[in-house]
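Numbering (UniProt numbering), first residue to last: 1 to 306. All C-beta atoms, glycine included, are put in the ideal place defined by N, C-alpha and C. Only a predicted model underlies this, so the values are computations on that prediction, with no experimental measurement involved. A quick write-up on the structure given underneath.
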Amino acid sequence: MERDSRIDLNLFRVLDAIYTQGGVSAAARVLHLTQPAVTHALRRLRDQLGDPLFVRQGNRLLPTDKVRAMMPAVQGHLKGLLASTHAQPSFDPSRLQMEFVIGFRDILESIALPGLMASIGRDAPGVRVVSRRVAADEVERELSTGALDLAVDRPLRAGERISHRRLLDETLVVVMRRDHPLSRQLRRADYLDAQHVTVSPLGESSALDALMGQNGMFREVRMVAQHYFSACQIVAASDLLLTVPKAYADHLAPLLPIALQPLPVRIKAIPILAYWHDSKDNDRAHRWFRERLVKSITVAMQASSQ
């Protein structure tokens, strides 16, 4: 029997979700559909295309050769259709009534969000911003599901559907109490002999210690704090040292009795990037918001370096 050449375009949204998420349950969550509805849609598409489309391997559905061959075109057309449905005669941020969720470290909250919220308050009073911490290995999933609109972090491993933009290079300094014996001069031997505070809100290992260990350098960590501000307060009242991004240290120096010294260990500057799902590339509201966010970070970093 000849197959019906007419195909419901919504079926291709289901195909893309299963392909991206690797399973029916995850696709159902992204599409806000029930699992039986997604299974039914997949069955219809299999019948119409005459191909199994996916084969099960463990807990994942792997695409067939036919799906791998057709997905670039399918995703390109879906993105174009989505952009056309969002098209507006003009874009007016003052009329936006929406929420943006950012994956942020507490350092960037303190530096970037005051300027961002002042700008949004003037131009888009209907916009609500939520900032929260997201584990590095969860960023791609949360961007893909829409639980997160943007993430700003150090380099992350992310799939081809995660867009990114390099914002700045982060340099590190050492913070200590203002009358610390090392506040006038800090040599590498002094730094390695001292006792330190590190910050790890989600229990991650310290990237700095990993880099130093690769070069045979080790330091004694006496405390692990959850937030950089509390860590700065701790070193202001003790002999401990804290290694922190320079922009944040400059931001806190007028507020706390602390002194700053250059990090006496040679470490490359760390890139900071913004990440978002490529389905948001041409979304005008999302593009407006991320440009505002980038500008607020850039302006704040430039101000701290002066």
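- Secondary structure of VAL199 (DSSP, three-state): strand.
- Separation of ALA41 and GLY159 (C-alpha to C-alpha, rounded to the nearest whole angstrom) is 26 Å.
- Nearest C-alpha to ALA27 among VAL299, SER144, GLU109, ARG157: SER144.
- Within the same chain, Cβ atoms closer than 7 Å to the Cβ of ALA124 are found at PRO93, SER94, LEU96, the five residues on either side in sequence being excluded.
- Classified as exposed, HIS32 has fewer than 16 neighbouring CB atoms from the shown chains inside 10 Å of its CB.
- The alpha-carbon of GLY213 is positioned some 25 Å away from that of ILE107.
- Remark: C-beta atoms of ASP190 and ILE270 do not approach each other more closely than 8 Å.
- For the options VAL139, GLN233, VAL265, the alpha carbon positioned closest to that of LEU273 is the one of VAL139.
- Under DSSP, the beta-bridge partners assigned to GLU99 are ARG128.
- The three-state secondary structure of PHE91, taken from DSSP, is coil.
- By the neighbour-count criterion, in which 16 or more other beta carbons inside 10 Å mark a residue as buried, VAL130 falls on the exposed side.
- Taking the Cα of LEU192 as reference, the smallest distance to any Cα among VAL221, ASP179, VAL199 is reached at VAL221.
- The beta carbon of GLY126 is closer than 8 Å to those of SER94, ARG95, LEU96, GLN97, MET98 in its chain, skipping five residues each way along the sequence.
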